[in-house]
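A quick write-up on the structure given underneath.
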Amino acid sequence: MSLPPRTLLPSLVILLLFSALACAAKEGQAGGESACTSEGSTEQGCPISGNSDYYGLGVRMGIYSQWMTSWIANNFLCEEIIGSLETNSIFLLALFSTVFFYSVQKDQIRVVDVLVIHQMCVGFLFSIMSLWGYRTMYYKTEGPGGRRHFGGFGTHFRLILMSMITLYGVWFWAKGIDALSPCDRRTACGGLQLSFFGPLRVESWLTRGINLAMAIAAALYYAVMAIVAGITGVVYVMRKWRREVDNWELIEHPDADVSLNKRELTIWYICLSSFNMFWIVSAIINIELTLSLNHMSNVLGRSAVVGAGQLIPLAIGMISLVRVLYVLAQTRAPWLRKKDNDDCCPRSGGDGDEKAMSGLGLSPYSPAPQKKRTEDAEKFAVLATMKRPATLPILPASIRRSEKRTLTHRILLAWLPWLNIFEWSKESLTPQLFRESMIFGNHSAKEKDSEVGFEVVGVSKMHLEARDSRQRMGHNREESAATDESSTAALLNSPPRLLPGQRGLLAPMGNDEVEMADRRSSISDPNSLAAGIYDGDGYDEYLSH
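Mature numbering (1 follows the signal peptide of the UniProt record, and there is no 0) puts the sequence shown at residues -24 to -1, 1 to 521.
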């Protein structure tokens, strides 16, 4: 049975990378038990030899190319996100396996080797492997609906891997610098140096304190996510075992009241994309400067040696970058676009069918039609209330909107989406002080789309116009009834207003009153009103009486 192309490619990449890792390990064992090399003279700046199999020029160029590939996919090509995630996970797993495997063995890896490899791992973590960073393209095209791409195995695998890397970083900066091999420390030239937005001495307490604080913060960041994910998984399995009703779907598409809206996600998308590019550029500069500060010339510039073990990651990274650039050119150049090439990302609010998303970390999902019907019913109800009679009932409670949760509450649920499986997560988790935000806060009342959480400003305006219209036209039943009763009472209680000398219909008749002529004889009487009407005579005499 043949494997599908999407499964075959990652398997081939894993095989090639671990083959290169095995070759590097074999060469290291053949050269001797210790990884130490001889330092250069003080006049030359105490140069040391870098390990080209771990972070040689070919390896670094492949990793840098993969970073750019993932950033382009995250921001412009949603169909390439799956492949970039798989390749990045493989690269990161290979790097961490190398540094962890040799760290547990005595004198098999130097501090400078761990330093450079750890910098490359951190470059992955805070650029394209930030767990939610790969959803930037979906946030742009689908808004809050991009949460439906919340992954399963792939997401949790990356979460565990990044938790292990950050925990290793805590150990390295707290104890590993003193526990690893003491060779090649450049003690005659002031010790090893690290570039982190400037040159720093590795063994100084300031450098170790800053990096240790960052490692602890990152470890807590990912550890809390891993713990919450583990607790949620246990609760989900227990509910399944007890055959209880679960709401696992809320993790992928939470309610609109607890999810970020389109405006907030737009700001998040811009900030996240800019930060990812900034971190990629700064990580590349810091890695190259770290190698240069320690005078590791055998892995820098023209003197760098590109061995067989470096060609594999270099080829993978360069081919991935060229392919992504070609696909991006197809979307921008009409003459490169195929006739049957449809957009994989559905437009927000469009009627097209969504393409099934499969692969590591992504799962297909069809939105529930009930929410769409509720939203349509709300729009119809709002439009109908503008001209509805007073006998129509008030809108049902199911159509009314619940209170929007605070920004801090919604950010917490976006950071820990596993909490949506618990009912108490819908309640207010943050104080009233943080209800309004200077950055994301919106002081005007806005209605949100029930399916994806988009802002619908017009609906709120229609609500206000409908209320004013009902008040002006008397559609409010209570006010209309009160007005009718007060008008009738005032009409019956107030006396009629008559002109001077005029009497009402119910006034008593006196002796001098004019007696009305009989209708039957008025036609024959020449001086009657009826005769005057027909022949035009006698009308002035009648008025003189």
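Don't be surprised by glycine CBs; every beta carbon is placed ideally from N, CA and C.
| Asked | Found |
| --- | --- |
| Should T18 be counted as a contact of the ligand PLP given a C-beta to heavy atom distance under 7 Å? | For the ligand PLP, the structure offers nothing, since it holds no ligand at all. |
| Alpha helix (DSSP H) containing R36: first to last residue? | 33 to 52 |
| Report the three-state DSSP secondary structure of S103 (helix, strand or coil). | coil |
| Please report how far the alpha carbon of P289 lies from the alpha carbon of W217, in whole angstroms. | 45 Å |
| If you drop the 5 nearest sequence neighbours on each side, which residues of the same chain put their C-beta closer than 8 Å to that of C22? | E15, G16, R162, A164, C165, H271 |
| Is there contact between the region 256 to 266 and the region 33 to 45, where contact requires at least three CB pairs shorter than 8 Å? | yes |
| Assuming L267 and L276 form a contact by the criterion Cβ under 8 Å, report the distance between their Cβ atoms to the nearest whole angstrom. | 6 Å |
| Going by other Cβ atoms of all chains shown within 10 Å of its Cβ, with 16 needed for buried, is I203 buried or exposed? | exposed |
| In the DSSP assignment, find the alpha helix (DSSP H) that holds P175 and state where it starts and stops. | Segment 175 to 177 is the beta strand (DSSP E) holding P175; no alpha helix (DSSP H) there. |
| Please work out which residues of its chain come closer than 8 Å, Cβ to Cβ, to W255, disregarding the five sequence neighbours upstream and downstream, and give them in chain order. | G99, F102, S103 |
| Starting from the C-beta of V303, find all residues in its chain whose C-beta is less than 7 Å away, skip the five residues before and the five after it, and write them out in chain order. | L53, E56 |
| Three or more beta-carbon pairs under 8 Å between the region 166 to 174 and the region 129 to 136, yes or no? | no |
| Could you give the residue range of the beta strand (DSSP E) that holds L170? | 169 to 171 |
| Taking 8 Å as the threshold (C-beta atoms), are C12 and C247 in contact? | no |
| Does any residue of chain D have a CB that is nearer than 8 Å to the CB of M190? | Of the chains in the structure shown, none is chain D; there is only one protein chain. |
| So for A421, helix, strand or coil by DSSP? | Its pLDDT being 40, under 50, A421 is placed unreliably by the model, and the measurement read from it follows with that caveat. Three-state result, A421: coil. |
| Under DSSP, the alpha helix (DSSP H) around M272 begins and ends at which residues? | No alpha helix (DSSP H) holds M272; DSSP gives it neither H nor E. |
| How about the region 289 to 298 and the region 181 to 195: do they share at least three Cβ pairs that are nearer than 8 Å? | no |
| Applying the 10 Å Cβ sphere with the 16-neighbour rule, what's the burial state of M96? | buried |
| Going by DSSP, what residues sit across from R86 in a beta bridge? | S157 |
| Identify, in the order they occur along the chain, each residue of the same chain with its Cβ nearer than 6 Å to the Cβ of V35, setting aside the five sequence neighbours on each side. | Q286, P289 |
| Using C-beta distances below 7 Å, list every residue in its chain close to N187, excluding the 5 sequence neighbours before and after it, in chain order. | W149 |
| Apart from the five residues just before and just after Y31, which ones in its own chain have a Cβ nearer than 6 Å to its Cβ? | V92 |
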